[in-house]
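Working notes, beginning with the structure itself.
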Amino acid sequence: MRKILISGASRGIGKAIALKLYKEGHSVSLGVRNKANLLNTFIDPKINSSQKIVLHKYDASNNKSAEEWIEKTAKTFKSIDTIIHCAGILKKTNLLFNDNEIKDIEELWKVNVLGPWILTKNAWKYLSKSKSSRIIVLVSMSGKRSKSNLAGYSMSKFALMSLCQTMRNEGWDKGIRVTAICPGWVNTDMAKNVKDFPKDKMTQPDDIANICSNILELPNSSVPFEISINCKLETTNLSQ
Ligand SMILES: NC(=O)c1ccc[n+]([C@@H]2O[C@H](COP(=O)([O-])OP(=O)(O)OC[C@H]3O[C@@H](n4cnc5c(N)ncnc54)[C@H](OP(=O)(O)O)[C@@H]3O)[C@@H](O)[C@H]2O)c1
33 MRKILISGAS RGIGKAIALK LYKEGHSVSL GVRNKANLLN TFIDPKINSS
83 QKIVLHKYDA SNNKSAEEWI EKTAKTFKSI DTIIHCAGIL KKTNLLFNDN
133 EIKDIEELWK VNVLGPWILT KNAWKYLSKS KSSRIIVLVS MSGKRSKSNL
183 AGYSMSKFAL MSLCQTMRNE GWDKGIRVTA ICPGWVNTDM AKNVKDFPKD
233 KMTQPDDIAN ICSNILELPN SSVPFEISIN CKLETTNLSQ
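Residue numbers (our numbering): 33 to 272.
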C-alpha cells in the first residue's frame, strides 16, 4: 500500500481520487485550503481517526505551507512514495487581456505550475528513497494543444507538461515514474459554466480516480507517461 500526497483534495477530481485510494487501503495525505468540504465524508478526520489519513493546510501560493505539509506527512507515514497533483485553477485570460487581468496570469502560473513544482521539489528526497515512486499530474488537453482563446490557462498547462517531462527525466533512474493525465472536460466545478456540452457526457471525476488507481498497480516498466482523454471527438482542425 502506498503513502500518497494529494493536492486539491477538497473538491472535484482530487476528492474523488482521495476517496477511491483511501477505500483501497492506501494512506492519503490531503492538502487543502478549506477543510469544510471534507466534513462528513469518511475522509473527515473528525469522524475517521484512522492513522491512514492526514489533513493539512496547503495553499499553492504559500511555499511554507507546501514545506510544512510534506514534513508533517513524512513524519506521520514515515515515507512518501506517491504525489498526485490535482490543485489547479482556470481563468479565461485571452491573448489580448485587459491590464487588470495580469494578476490572473500570475495566479495561473503560481497555482498551476509553481505549485506542483515546489511540492515535488520538497518531496523529492522522500520519493527518491522508494525504488517505485509515482507522480501523477492533472494536466489537461490544454497542455497539448491550444484551443479557442484560453491563452493564460493553456500557457500554464503547456508549462506543466514540460515540468512533467523534466520530472520524468530526473526521476527515471531512481524508479520515479511520472504520468500526465490530459482530460478534456471533466464534470466538476471547473466545468460548471460549460453550456454547449452535457455534464453527463463529460468525463466523470470517478473515471479519473479509476485511472489513477490502475496506474498505481503498474510496475516501473509499464507506467504510461501520458494519458489523453477526450469526452468529445476533436478533429485535426484545432481552430474549431
Ligand atoms: N474539470 C475539468 O474540466 C478539467 C479538465 C482538464 C484538467 N483539469 C485539471 O484537473 C485539476 C483538478 O480540477 P477539478 O476539475 O477538480 O477542479 P475544481 O473542482 O475546481 O477543484 C480545484 C481544486 O484545486 C484547489 N485549489 C485551487 N486553488 C488552489 C490553491 N491556491 N492552493 C491549493 N489548492 C487550490 C481547490 O481547492 P479549494 O476548494 O480550496 O478552492 C480544489 O480542491 C486542475 O489542475 C485542472 O486544471 C480539469
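No residue lacks a Cβ here, since even glycine has one placed at the ideal position from N, Cα and C. Just so it is clear, the structure is predicted and the values come from calculations on it, not from any experiment.
key: Inter-residue spacing [alpha-carbon to alpha-carbon] between L195 and N219   = 26 Å
task = Assign A212 to one of three DSSP states: helix, strand, or coil.
result = strand
key: Counted within 10 angstroms of its Cβ, other Cβ atoms place S188 as buried (16 or more) or exposed   = Its Cβ being crowded by 16 or more others within 10 Å, S188 is buried.
request  = Go to R200, then tell me how far its alpha helix (DSSP H) extends in each direction, as first and last residue.
outcome  = A183 to G203
message = With the cut-off set at 9 Å, would you say I115 and A155 are in Cβ contact?
response = Less than 9 Å divides the Cβ of I115 from the Cβ of A155.
task = Whole angstroms is fine: what's the gap from G184's alpha carbon to V171's?
result = Those two C-alpha atoms are separated by around 14 Å.
request  = Please state whether DSSP places L71 in a helix, a strand or coil.
outcome  = coil
Beta strand (DSSP E) segments (min. 3 residues) lying fully within the segment 232 to 257 = none
key: Whether C118 touches G46 by CB criterion (9 Å)   = yes
query = According to DSSP, which residues form a beta bridge with H58?
reply = DSSP, once it has assigned bridges, lists no residue as partnering H58.
ask   = Which residue from F74, K124 and F229 puts its Cα closest to that of K55?
value = Out of F74, K124 and F229, the CA that lies nearest to the CA of K55 is found in F74.
ask   = Which residue from D228, G40 and F190 puts its Cα closest to that of V145?
value = If you compare the alpha carbons of D228, G40 and F190 with that of V145, the shortest gap goes to F190.
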